[in-house]
Amino acid sequence: MVNSSIPDTAARRQALNPHQSFIVQAPAGSGKTELLTQRYLVLLARVEAPEEIVAITFTRKAAAEMRYRIVEALISARENQPPQAEPAKTTWELARVVARRDADKGWELERHPSRLRIQTIDSLCASLTRQMPLLSRFGAQPGITEEAENLYRQAARATLTEVESGAEWSASVEVLLRHLNNDWGKIETLLSAMLTRRDQWLRHLTDDKRLQRESLEEVLQAAIQAGLQKVSCCCPESVMEEGLGFARFAAGNLATLDPTSPIGICRDLWVRPGVQAEALPQWLGLAQLLLTCEGEWRRQATKALGFPAPSAARDKEEKQYLKAQKQSFLNFLERLGGQEDLRRALHSLRSLPPAHYIESQWVLMEALFQLLPLAVAQLQLVFQERGEVDFTEVAQRAVAALGEAEAPTDLALVLDYQIRHLLMDEFQDTSLSQYILLERLTTGWEPGDGRTLLVVGDPMQSIYRFREAEVGLYLQAWQQGVGQLPLIPLTLSVNFRSQQGIVDWVNHAFCQVLPATEEIATGAVPYSSSHAFHPPRAEKAVQIHPFFGKGLAEEAEVVARLVEKTKQVAPDSTIAILVRSRGHLAEIVPLLREAGLRFRALEIEPLGNRPVVQDLLALTKALFHLGDRLSWLTILRAPWCGLTLADLYVLAGEDQQAAIWDRIQDDNCVQRLSGEGQQRLARIRRVLAEALRERRRVSPRRRVEGVWLAIGGPACVPEPTALEEASVYLDLLEQEAVADEVLDFAALDEGVRKLFAPPDKLADETLQIMTIHRAKGLEFDTVIVPGLGHSPRYESHQLLLWAERPAPDRSLGNDNQLLLAPIAETGQQPDAIYHYIKGLHEEKAGFENGRLLYVAATRAKHQLHLLGQVLLDKTDQPKAPPKRSLLASLWPAVQEEFEAAALSLRQACVQGESEDSLNFSDSGLFSRLSIQWQCPDPLPGVTTDIGSLPEAASALEPIEFDWAGETVRYMGIVVHRYLQLIAQEGPEHWNPAQITALAPALRRALMGQGVAADELESALERTQEVLKQTLEDPQGRWILSSSHRQALNEYPLSGILNGRIIRAVIDRTFVDQEGVRWIVDYKTGSHEGSDREAFLDREQERYRLQLESYAALMALKEPETQKIRLGLYYPQLCGWREWIWSNPESSKDHHQVMKSVKK
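Reminder that position 793 of the sequence shown reads as 793 in UniProt numbering, one-by-one numbering, no gaps.
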């Protein structure tokens, strides 16, 4: 079947054997999808039902492609003439056999392709939990969310609030809070991050034996011993004997010169140090003597090392002795120059952990051992309440539904009967929980029993560590199989994608980029070479573009030129610009736009960098935070207003403490602006003033959008796509708003950070921009990879860092040794154990860098362009790239080209080119609306809310705050805002301790409303007191309860009554257990007198008509509602009044209600 001229024909033919299980390494371009399709067809020809075969992929796209290929093969099988080329010919032959089987069995697969069980691993897990809801502990199948950050935060917050619960874990919460300086927000973030990766660490924290201090410290000592064993093996006896002599000499001198030197411990060292943990200080003393801080062999013998200058000798004899010792030591160092293994091993000792935890570390670790499982339990409760879970939870519950290997569940036994063959794609990206699932599914399978497993992947393309992929699992399966099922290893080697020039370059380069030997623990994957199926092309296959300096501008210009040139030569060819991170595109994208090169980019261009979004964000912050001077200055400088720098200085520079809005309203200040500036400001001041008066009457989105439209925002955008970008931002604002306010600007900023520009609908597929991760599995004629010389951001610290190292003679997943270290105390540097474990992760990341580069390079079919930059040293030689950059991994293969480019640069002797002087005048820096611009008239039948039709619509009176002064009114707004938040989450999730902990957020909210600094703390105290009283009041908790149906908070309602538009905002409305619709209005007023009940009675009469108008609007919206009850709630007084609303029987009565409301 398979063409015998292809070098890996034997492996491909063997992989189609339906009686054996295999693990296949399929490098880039080797046709693994076609191989999976052929294997599936072979199995279809032999099973009794298609459902006996299950193929697992990692993406819906991959599953759909595989299903399409199988159905397409069955359709092609109708043709009597087979294709001539491989592998299409083999696929056709296999499909012909399946077509006959399909006809015999009546499957009708072409009409019913859903019988082909090709699904993602997440879909498989979900199906398992549906089949066994009790064992999976799901009950009814919950929804699955891809955005679970809010759920993690809610669980983390609930965990921290246990500090005042009096439970056994309260003390552990105190320990954590004290360790991190009571920074509640930071701790909540750290706990949330831990919950995202709980499948990795939770299994460790349920093993009490492994968490004992003695057991964990034994692992530390084993790590030290392994490091010492390695260095001892690298050190010949002759080197050791001579080195000890110098160490004793230096240590003897340092006893008086520097008693604290690490070398001092070698003073009485006459024999080779041992390899037990206790010997580490002696080895470190030798490392200090022989190596610089950077880990290079020393080239000098100084007094600080214990080699005094001969001139300091007391007599001639001593002088000769010191001189001889110094020269002998320098000769010794010179001879060590070739001992690279010894140098690396000695230097690595410096990163080894100590053998024991200090007491404060252990106290925190014990607290985390208790808190982290508690956080997981809180997350389970959040999942239950919300009725949705994340993918990790589904995977864990699926494993639970299958039971243990020794005690399989009924579901496992049923599946064992139903599933005869398993195929798994992209096996190198398997996480531990997914690997365990595969083990459970194949429990009891044996060679020759009619059940088979095929896993296909390429460890050289394992690039998803951030998604918990563990390439060591692939390496383990290659050596040992999966569970108890042995797998036959096969390697494909033919590349059907790239021309020979690219394949040859990749073979040459990546045997230097990837490690030489395989190691499961660190994920070290050696390179496996490929054979080109396509011949070389005339053009140069791979081009390295060296740059020298720090900027990306020159790189960006070359990228744009390469795209233009490629399109000129081959207009229909596909081009991809691949980047490691989106930040690398900051310089490239504008140049592509300037050149008129349209491109497709999915989730690649952050919207937060787009001018229209930046202006809208500033407008939002200004409208909701009068004290945000930067945002106010931004909206005054934006094109819709366009004040000059001189005018801005008049408004902001003369009084740097005053709110900008106050200055705008100050006529004396405004009159000092330029004439044009006054006209520009007057136009937008009217709109802004109207918007600020309307702040409680419309939602944040409508308010911001209305102002933006009224001041000419859309007229300022340069292209239609900007309007789509504005719409995306406004959708986010609507999502983030709470109680008609922007509750948390930090959350809004974070939301903007996650927004991406929508794809250009006018661009075709010939030019695409994407990350290397997203490009995996794709191919393009030309690939351009810029930014190789730049390093990614460092990962943030974790609450608890962990790593596993293989126990002696054990492999990954089988009694591995566990290393743990907690986060450093606030203000302190990470301890040596944390630093050591982090180093292990960085080593894994370094290996993954090489694999990421391999993925990028192997996307190219015809041409590959690699762009990177380094700095030059004082002699104009290229410096080594930053250690964590992709160029550092590629450096062994391209260093010579960079050196040649640097030499050409020196020989060119290019004189400093004159640069155009930069123009900082206002006229050249920004464009702005014409001073004659006016908002266009609305279309017939269309009205706006902001400043256009104040007479056409009547709004109900906004909520009144009876406390004296503006400060108290602002406090009322914040109270309303947080009452809404409590109602949304349910008062059962809140307690007074949380209100206390929210002091920073409440303080920011009050400041944002405009509370003066000298009144801020008293306002904060009173606001917290009101919220606490509400939580402690049974009536307040009932109003806010999450048990009510159809509950809404700050519900905007409008309707036409008596021919007029009426708008209202209802604080809270819900339907109780008896089916009664409640409308509740919060009144944050206070009463200082003695007759509290009489005051509440008067307030009821005062607001009766207002609430009854709310009821009238609700009755218009819900005519089926039979009963409506109205309530006034005074949180500061814990006061409550309620009454039944009766629908007016006549239009006259109804008119009277509306007339009274208007008055």
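Built from N, CA and C at the ideal position, the CB exists for glycine as well.
Nothing here was measured: the structure is a model prediction, and the numbers come from that model.
Selected residue, minimal CA-CA separation from alanine 524, among Pro536, Val513, Ile358: Here residue 524 refers to the residue found at position 524 of the sequence shown. The candidate whose alpha carbon is nearest that of alanine 524 is Val513.
Distance CB(alanine 395)-CB(glutamine 434) smaller than 8 Å: As a working note, residue 395 is residue 395 in the sequence shown. As a working note, residue 434 is residue 434 in the sequence shown. With a cutoff of 8 Å on beta-carbon distance, alanine 395 and glutamine 434 are scored as near each other.
Beta-carbon proximity check, glutamine 1024 vs threonine 996, cutoff 8 Å: Residue numbering aside, residue 1024 sits at position 1024 when the sequence shown is read from its first letter. Residue numbering aside, residue 996 sits at position 996 when the sequence shown is read from its first letter. Against a cut-off of 8 Å, the Cβ pair of threonine 996 and glutamine 1024 comes out as a contact.
Proximal residues to valine 752 (C-beta, below 8 Å), its chain only, five neighbours per side dropped: Walking along the sequence shown from the start, residue 752 turns up at place 752. Excluding residues within five positions, the ones whose Cβ falls inside 8 Å are Leu607, Gly608, Val613, Leu617, Tyr729, Leu732.
Nonlocal neighbours in the same chain, by C-beta distance under 7 Å from leucine 633, ignoring five residues either side: Here residue 633 refers to the residue found at position 633 of the sequence shown. The residues are Leu648, Ala652, Ile660.
Range of the contiguous alpha helix (DSSP H) that encloses asparagine 816: What you label residue 816 is simply residue 816 of the sequence shown in a count that begins at 1. First-last for asparagine 816: undefined, no H or E at that position.
Exposure label - leucine 1133; buried when at least 16 CB within 10 Å: Locating residue 1133 in the sequence shown gives position 1133, counting from the first residue. Here leucine 1133 is buried, its C-beta having at least 16 other C-beta atoms within 10 Å.
Cβ neighbours of proline 489 in the same chain (closer than 7 Å, five flanking residues each side left out): Locating residue 489 in the sequence shown gives position 489, counting from the first residue. Within its own chain, the residues whose Cβ lies closer than 7 Å to the Cβ of proline 489, once the five positions on either side in sequence are excluded, are Ile23, Trp478, listed in chain order.
Rounded distance between the beta-carbons of glycine 285 and alanine 226, thought under 8 Å: Locating residue 226 in the sequence shown gives position 226, counting from the first residue. Locating residue 285 in the sequence shown gives position 285, counting from the first residue. The Cβ separation is near 20 Å, so there is no contact.
Nearest-angstrom Cα separation, counted from tyrosine 970 out to aspartate 666: Against the sequence shown, residue 666 aligns to sequence position 666. Against the sequence shown, residue 970 aligns to sequence position 970. The C-alpha of aspartate 666 lies about 22 Å from the C-alpha of tyrosine 970.
Cβ-based burial, glutamine 869 [other Cβ within 10 Å; buried from 16]: Working through the sequence shown from its first residue, we reach residue 869 at position 869. It is buried - the Cβ of glutamine 869 has at least 16 other Cβ atoms within 10 Å.
Collapsed DSSP secondary structure at residue 1177 in the structure displayed: Since the first and last residues shown for the chain are 1 and 1159, residue 1177 lies out of range.
Complete runs of the beta strand (DSSP E) confined to the region 423 to 491 [at least 3 residues]: You should have 452 to 457, 488 to 491.
Host beta strand (DSSP E) of leucine 16 (start-end): Taking the first residue of the sequence shown as 1, we reach residue 16 at position 16. Segment: none, leucine 16 is in no beta strand (DSSP E) and carries neither H nor E.
8 Å contact criterion, which alanine 63 and threonine 57 should meet: CB distance rounded: Along the sequence shown, read from residue 1 onward, the residue named residue 63 stands at position 63. Along the sequence shown, read from residue 1 onward, the residue named residue 57 stands at position 57. With 8 Å as the limit, alanine 63 and threonine 57 qualify as a contact, their Cβ atoms being about 5 Å apart.
Pairwise C-alpha distance: glutamine 568 and histidine 862: Taking the sequence shown and counting its residues from 1, the one referred to as residue 862 is at position 862. Taking the sequence shown and counting its residues from 1, the one referred to as residue 568 is at position 568. Straight through space, the alpha carbons of glutamine 568 and histidine 862 are spaced by roughly 16 Å.
Helix, strand or coil at glutamate 605 according to DSSP, with G and I counted as helix: Position 605 of the sequence shown, counting from 1, holds the residue named residue 605. In the displayed model, glutamate 605 falls within coil according to three-state DSSP, outside both helix and strand.
Inter-residue spacing [alpha-carbon to alpha-carbon] between serine 170 and histidine 989: As a position in the sequence shown, residue 170 is number 170, starting the count at 1. As a position in the sequence shown, residue 989 is number 989, starting the count at 1. Looking at the two C-alpha atoms, the distance is approximately 17 Å.
Option nearest glycine 677 by Cα separation, candidates Val54, Ala638, Glu393: If you number the sequence shown from 1, residue 677 lands on position 677. Ranking Val54, Ala638, Glu393 by Cα distance to glycine 677 puts Ala638 first.
Cβ-based burial, leucine 134 [other Cβ within 10 Å; buried from 16]: Here the question's residue 134 lines up with position 134 in the sequence shown. For leucine 134, the predicted structure reports a pLDDT of 46, less than 50, and the residue's modelled location is therefore unreliable. A value from the coordinates is still provided. Exposed, since its Cβ has fewer than 16 Cβ neighbours within 10 Å.
Aspartate 1091 versus arginine 178 - alpha carbon distance: Your numbering for residue 1091 matches position 1091 in the sequence shown. Your numbering for residue 178 matches position 178 in the sequence shown. Roughly 46 Å between the two C-alpha positions.
Reference proline 535, options Ile502, Ala556, Ala560, closest by Cα: For the purposes of this step, residue 535 is identified with residue 535 of the sequence shown, where counting begins at 1. Comparing Cα-Cα distances from proline 535 to each of Ile502, Ala556, Ala560, the minimum goes to Ile502.
Valine 24 in three-state terms, based on DSSP: Counting from 1 along the sequence shown, the entry for residue 24 is found at position 24. Three-state result, valine 24: strand.
Beta-ladder partner(s) of valine 1065, from DSSP: Here residue 1065 refers to the residue found at position 1065 when the sequence shown is read from its first residue. For valine 1065, which the question treats as bridged, DSSP gives the partners Pro1052.
Beta-carbon spacing of proline 878, leucine 872 below 8 Å: Taking the sequence shown and counting its residues from 1, one reaches residue 878 at position 878. Taking the sequence shown and counting its residues from 1, one reaches residue 872 at position 872. At a Cβ-Cβ threshold of 8 Å, proline 878 and leucine 872 count as neighbours.
Presumed contact (8 Å Cβ cut-off) between valine 687 and lysine 776, rounded CB distance: Taking the sequence shown and counting its residues from 1, one reaches residue 687 at position 687. Taking the sequence shown and counting its residues from 1, one reaches residue 776 at position 776. Contact check for valine 687 and lysine 776: beta-carbon distance about 49 Å, past the 8 Å limit, so the pair fails to qualify.
Beta-carbon proximity check, glycine 472 vs glycine 143, cutoff 8 Å: The residue you call residue 472 lines up with position 472 of the sequence shown. The residue you call residue 143 lines up with position 143 of the sequence shown. The answer is no: Cβ separation not under 8 Å.
Where the beta strand (DSSP E) through glutamate 519 begins and ends: Here residue 519 is taken as the residue at index 519 of the sequence shown, counted from 1. For glutamate 519, there is no enclosing beta strand (DSSP E), since its DSSP letter is neither H nor E.
Per DSSP, the bridge partner or partners of alanine 803: Counting from one through the sequence shown, the residue named residue 803 turns up at place 803. As a beta-bridge residue in DSSP terms, alanine 803 pairs with Leu819.
Per DSSP, cross-strand counterpart(s) of asparagine 495: Numbered from 1 along the sequence shown, position 495 holds the residue referred to as residue 495. Per DSSP, the beta bridge partners of asparagine 495 are Ala532.
Length of the line joining the Cα atoms of arginine 115 and methionine 770: Translated into the one-based positions of the sequence shown, residue 115 becomes position 115. Translated into the one-based positions of the sequence shown, residue 770 becomes position 770. In a straight line, the C-alpha of arginine 115 is about 35 Å away from that of methionine 770.
Sufficient close CB pairs (3 or more, under 8 Å) joining the region 338 to 355 to the region 221 to 241: The region 338 to 355 makes contact with the region 221 to 241, as at least three CB pairs between them are under 8 Å.
Length-filtered (4 minimum) alpha helix (DSSP H) runs lying within the region 677 to 715: Within the region 677 to 715, the complete alpha helix (DSSP H) runs of at least 4 residues fall at 700 to 710.
Proximity test, aspartate 1091 beta-carbon vs the ligand NAD heavy atom, cut-off 7 Å: The ligand NAD is absent from the structure shown, which contains no ligands of any kind.
Simplified DSSP state of alanine 737, which is helix, strand or coil: Locating residue 737 in the sequence shown gives position 737, counting from the first residue. In the structure shown, alanine 737 falls within a strand segment according to DSSP collapsed to helix, strand and coil.
Length of the line joining the Cα atoms of aspartate 104 and leucine 94: Here residue 104 corresponds to residue number 104 of the sequence shown, with the count starting at 1. Here residue 94 corresponds to residue number 94 of the sequence shown, with the count starting at 1. Those two C-alpha atoms are separated by around 16 Å.
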